[in-house]
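In what follows, a structure is listed as structure tokens, so that the remarks can point back to it.
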Amino acid sequence: MNSQPNEKAEKPEAIALWEYVPISDFECPIVLSADVARQKWRLFKRLFTNTDHSSEQIKSEEALQTFSRARLDELVPEIDWHAAVDALDCALDDWIQNQPNDSPVKFIVGHPFMGNGEILARWTGRHNARLIAKPKQEQILEHGQSWLNNWPNSQACWVLPNLDKCFLRHSEGLALIRRFLALALNGDLGTGLIGCDSWSWAYLRRVCYIPSNNALTLRAFDGERLSILFSQLADSAHNNQPKFLNAKTGEAVLSVSQEDNNGASKYLKQLAMRCRGNAEIARQFWRESLRDEPNKESLEKSTSELTIWVGQFTEGTIIPDANDENIALILHALLVHNGLPVSALAEILPFSDYHIMDLLLRLTSLGVVGLHHEDWQITPMGYLASRQYLNAQNFLLDDF
Amino acid sequence: MGNDKLSDIFIKPDFETFLEVSLIIFGALLLIQAIQRLFPWVANRLHGSPRLFILAMIPLLRLILIFTALILIIPRFIEPSLQNLIPLLGTLGIALGFAFKDYVSSLIAGVVAVGERPYRNGDWITINGIYGEVKHIGMRAVQIVTPDDTAAYIPHIKLWTEPILNANNGTPALQCVANFYLHPNHDAALVKQLLHDVALTSPYLNFEKPVAVVVQDQPWGTHYRIRAYPIEPYQQFRFISDMTVRAKAGLKNLGIIFAVVPALPKNKDIY
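Order-wise, the sequence lines are chains A and B. The numbering of the first sequence is the working numbering, which starts it at 235 and goes up by one. The numbering of the second sequence is the working numbering, which starts it at 1090 and goes up by one.
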């Protein structure tokens, strides 16, 4: 899936699909001024209307149909984070070899839905490191000395994949994480790797001391990287890669193969810009935009060439009431904590649990949040709308 | 100045002049009404600086429209020469100075208020002990709505004599203070840290602005104040309530005792 280090040596100009960079080097895909104007006009219109007519189908798409979920899973399967683990290995190689005293811990800041926890868990297995379990909610609120007292006493590197689950935005929910960070940054806990979601990172940097020079994050996926990624995902299920054609213009959206990838199509550049370089969100939008021609199976069987039409961007989820402060508070709480159960939301928000449940059900019906195990989380399709909603109300945002 | 001479200043208006003047007045009123309805409607769909900017534009645009209307109307009645204007304005000045001194002073203060901007629409101000949000800046008076949802109309003339306290001064940054009165026997450093965390964990907190906890010993106990800023000025009361509720719970968990001052009768004669 990813270019291995020895392959990179043979083809120095190939794009590294997965790459960890210092957090200060992170750049969102370049935004074209025309796209910015278009997006601002769309948002401006949304201030006055609850519906967005820009998501109407263009004429040529009326004859097309959506794929079944099973077929979509074949065409755009889930991202295998294996290659990202390779990239993390490359990025941490020097640090693991030298283990400098001045930086006993490294922070890996993950973009939403980009499998940061899973990548770190796989890295842990590969290096025989110790995986540290998150503290329980009671331990966080009771300043959880037991969690720190049970820290493994060994020379092996430890990995805490979810720092975002080690605090609560509660007056008594910060003591544990402050104590942990003080010990970890001082080297008292040995060498370790700490994973953290980008929204929690933005919040924690304002309430605790965290040096950002020890933080790495994945490079943003621009149009070219998305083109390679989607080609690889489609390749994984087909011997012959299908042709992805723009339903409006008829032009190819994906390069035929990675070798002759001569820059991404405008469609993918716009998708990368809209998704802020987040590959998983882009993948979800990509899935939503794929269209099929009805009754074409016989034709495909005779020619063995598969054509898939790419419709115009779907808008994703829309949050209709632009001024509901309670919705903003609940969205922000979910993002800052990377998902929370209702019991914890009731601890940190200034309204009752039945009101919280009411808001969550409203947001669920809109497709903005969903229940994942016990935690309520923002959905990938609801993420961009949520971010925009919070941005409009001047809430603290993540850096990505 | 004789009556003949004063009448020479004016141009004899005909039906066409009256029609033009009516149209100018009607057009100006229509535009003013449109601005006064449309701008707040748009502003209330925005947050932060854009909202305050749009609200602040309303009195300025209205003033421009009124002056434009006057500039268009006056030459239709008076030959606009220096020779004509000086006696006319002098006469008007004397008449108004005696009859409507305060009213005219308020109008002039209204023009100054638009220029100097001691208060703008959307600002939270205190005049004469009345605190509220500026909802409308009229030609004569400013309308503020208090936290109890009571509208107060204060003439601009207060600008000359009264201090105007502006809590956010055209920006979204409005400092809130939550007060706590504790029994003096406690660990002040611990309480200070708790109150600081109360502000940092409030969902309404504006992170662009600093948080401070001020501690002051008093004869009856210790007075703590959290000084912090909400994201939007209109969240100030919810912000203070949120900090107060959570701080009280936290202080109770720490076993801190609140200061209680016994109520004393005001009138000694009861005894």
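Ideal placement from N, C-alpha and C gives every residue a C-beta, glycine not left out.
Distance from the CA of B:P1129 to the CA of B:Y1242, rounded to the nearest whole angstrom, comes to 18 Å. When DSSP reads this structure, B:I1216 sits in a beta bridge with B:I1219.
Between the alpha carbons of A:D592 and A:V602 lies a distance of about 14 Å. Contact note: B:E1251 does not reach chain A at a C-beta cutoff of 8 Å; the least C-beta distance is about 32 Å.
For A:G407, the chain B residues whose C-beta falls within less than 9 Å of its own C-beta are D1286, T1290, listed in chain order.
A residue is called buried once 16 or more other Cβ atoms fall within 10 Å of its Cβ, and B:F1156, having fewer, is exposed. Proximity of the segment 343-353 of chain A to the segment 507-520 of chain A meets the contact definition, three or more beta-carbon pairs being nearer than 8 Å. Contact check for A:P554 against B:V1334 fails: the beta carbons are separated by 9 Å or more. Listed along chain B, the residues sitting closer than 7 Å to A:A626 by beta-carbon distance are H1136. Where B:K1337 is concerned, the enclosing alpha helix (DSSP H) starts and stops at 1325-1342. By the neighbour-count criterion, in which a residue is buried when 16 or more other Cβ atoms sit within 10 angstroms of its Cβ, A:S620 is buried. Rounded to whole angstroms, A:L624 and A:L631 show a C-alpha spacing of 7 Å. Interface criterion not met: the Cβ of A:V339 is under 9 Å from no Cβ in chain B. Under DSSP, the beta-bridge partners assigned to A:R364 are A:W392. The DSSP assignment places complete alpha helix (DSSP H) segments of no fewer than 4 residues inside the segment 400-435 of chain A at 409-420, in order along the chain. For B:L1120, the closest alpha carbon among the candidates B:K1298, B:D1103, B:A1158 is that of B:A1158. Residues of the same chain with a CB within less than 8 Å of the CB of B:V1234, apart from the 5 flanking positions on each side, are G1221, E1222, K1224, A1240, A1241 in chain order.
If you ignore the 5 residues before and after A:R356, its C-beta comes within less than 6 Å of the C-beta of V319, all in its own chain and listed in chain order.
If you draw a straight line from the Cα of B:F1107 to the Cα of B:I1160, it comes to about 15 Å.
Interface residue (Cβ-Cβ distance to chain B less than 9 Å): A:E559 is classified as such. Going by DSSP, B:F1269 is part of the beta strand (DSSP E) stretching over 1265-1271. Assignment of B:I1233 by DSSP, reduced to helix, strand and coil, places it in the strand class. When the beta-carbon positions are compared, A:R403 and A:H607 stay at least 9 Å from each other. A:T541 and A:L375 have their C-alpha atoms spaced approximately 56 Å apart.
One alpha carbon belongs to A:S446, the other to A:G429, and they sit about 13 Å apart. Under a 10 Å Cβ-count criterion, A:P334 is classified as exposed, with fewer than 16 other Cβ atoms of the shown protein chains found around its own Cβ. Considering only beta carbons, the part of the segment 1296-1312 of chain B lying closer than 7 Å to chain A consists of F1296, in chain order. When CB distances to chain A are screened at a threshold of 8 Å, the residues of the segment 1317-1343 of chain B falling below it are I1320, E1321, Q1324, R1327, S1330, D1331, V1334, R1335, A1336, A1338, G1339, N1342, in chain order.
If you draw a straight line from the Cα of B:L1150 to the Cα of B:I1226, it is about 12 Å long.
If you check the CB distance, A:F519 and A:F547 come in under 9 Å.
According to the DSSP secondary-structure assignment, A:W543 is paired through a beta bridge with A:L479, A:R525. When secondary structure is reduced to three states using DSSP, A:W252 falls in the coil class, being assigned neither helix nor strand. Flagged as an interface residue toward chain A: B:L1283, by a C-beta distance shorter than 9 Å. Proximity of chain B to A:V270 at the Cβ level (cut-off 7 Å) is not reached, the minimal Cβ distance being about 17 Å. Secondary structure of B:Y1242 (DSSP, three-state): strand. Taking the Cβ atoms as the reference, B:P1319 lies roughly 6 Å from B:N1295, within the contact range of under 8 Å.
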